[in-house]
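Chemist:
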Amino acid sequence: MTGVHMADQFSDQFRLSITEALSKQLYAALSRLEPAPLTRPNLEALAPQAEKLGLPSMAGVYQLFRQEPGKERQLAYVGKADEPLPKRLGNHLYKLSGRENISIDEMSFKCLFVEEDLSSVSPEKMLIKEHLKNGKVVWNNRGFGNNDTGRNRDRTKIKNTHFDLAFPIDLSRKVQGLSPGVQSLHSVLWDIKRGLPFLFRFKQSAVFKTQMVTVPHADMTADEAFRFIAQHLHGKWQICGLLGWVIMYDDSPSPYPSARRYYRPEGVSDQTPETKKPGKNDMDDEDEGDDSDE
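At position 124 of the sequence shown (counting the first as 1) the number is 124 in full-length UniProt numbering, and the numbers step up by one without a gap.
1) Whose C-beta lies closer than 8 Å to the C-beta of G181 among residues of the same chain, with five residues either side of it excluded?
2) If we count the other Cβ atoms within 10 Å of its Cβ and call it buried at 16 or more, is R201 buried or exposed?
3) How is the beta strand (DSSP E) around I192 delimited, first residue to last?
4) Assign residue 296 to one of three DSSP states: helix, strand, or coil.
5) Taking D164 as part of the alpha helix (DSSP H), name the residues at either end of that continuous run.
6) Is Y263 near F226, with beta carbons less than 8 Å apart?
7) R260 lies in the alpha helix (DSSP H); which residues open and close that run?
8) For M107, name the three-state secondary structure that DSSP assigns.
9) Starting from Q49, trace the alpha helix (DSSP H) both ways and give me its first and last residue.
10) Leaving aside the five residues before and after L196 along the sequence, list all residues of the same chain whose C-beta is less than 7 Å from its C-beta, in chain order.
11) Identify the continuous beta strand (DSSP E) that holds T156 and give its terminal residues.
12) Between Q67 and Q211, what straight-line distance do the alpha-carbon atoms span, to the nearest angstrom?
13) Pick out whichever of N42, A36, A50 and E124 has its Cα sitting closest to the Cα of V78.
14) Between I229 and L185, what straight-line distance do the alpha-carbon atoms span, to the nearest angstrom?
15) In its own chain, which residues sit with a C-beta less than 8 Å from the C-beta of H131, not counting the 5 before and 5 after it?
16) Can you give, in chain order, each stretch of the beta strand (DSSP E) that sits fully within the segment 168-243 and has at least 3 residues?
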């Protein structure tokens, strides 16, 4: 009909996807960088660079890579840091240094300082989505990024794909900073906590401050230190070596599904950790928890 036009001939819809544009730009910017070894000197070099660029918060996004001997480098983890990047990456360096089946020499990283507040758009999820188009990210959604959330995860039966199952804490790791001689059990517990590259959470007791023990020597592994402490415990106290951390509470003989080893006054015993298969849409959270002691 003359003079009458169909609306779709002169109108349409334009959708601007800010998140899609941002994800592609983040992906491209990281792709231009070369991975650097995950070492303390490399992390310490980040702060001067951020200062030079005028970026006071040092927040941003990062990638962790693993290259096993004789294999190609593999993207292991994608994350964001609302705290300074050197601190966040330092936490990963510390954590990985206390694990079995992996060497810190296999690890490298890239990172981008991002001053804009991107917390509402989850930049790490954007990057994961871009990476999944071309391959995979092996540690995300497997519990790698979790900090201690307190007692509510101690009795969790972990999934058979969990990071802690593949890379459990290394109980043969030497405790740093132990002092031989007579001292309070309370003091020794805190020295062990500070001297290990994995979490040791324990319930505090006034008794430990007055109970004196004699540390035989400073050169003890975590396993030897926990055996030593267990010999001086009484009643229902037990130390439980879980796959990802160690706890000490007065709840013996209460079992924990993901425990590998129990240290009790009557002796040491091992168990095979229980696991479960991931269900549909069942993914490990990557929340940053509270590592304060109870």
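Glycine included, every Cβ here is placed at the ideal spot set by N, Cα and C. Remember, predicted model here, so these are calculated numbers, not experimental data.
Modeler: On the basis of the supplied data:
1) T214 and V215
2) buried
3) Careful: I192 lies outside any beta strand (DSSP E), inside the alpha helix (DSSP H) at L185 to R194.
4) Nothing can be reported for residue 296, as the shown portion of the chain is limited to 1 through 294.
5) F163 to A166
6) yes
7) Looking at the DSSP string, R260 is not in any alpha helix (DSSP H); the run it does join, the beta strand (DSSP E), is A259 to R264.
8) strand
9) L46 to K52
10) G98, R173, V175 and A222
11) It is not in any beta strand (DSSP E) - T156 carries neither H nor E in the DSSP assignment.
12) 47 Å
13) E124
14) 8 Å
15) Y27, L75, V78 and V137
16) 181-184, 200-202, 212-215 and 238-242
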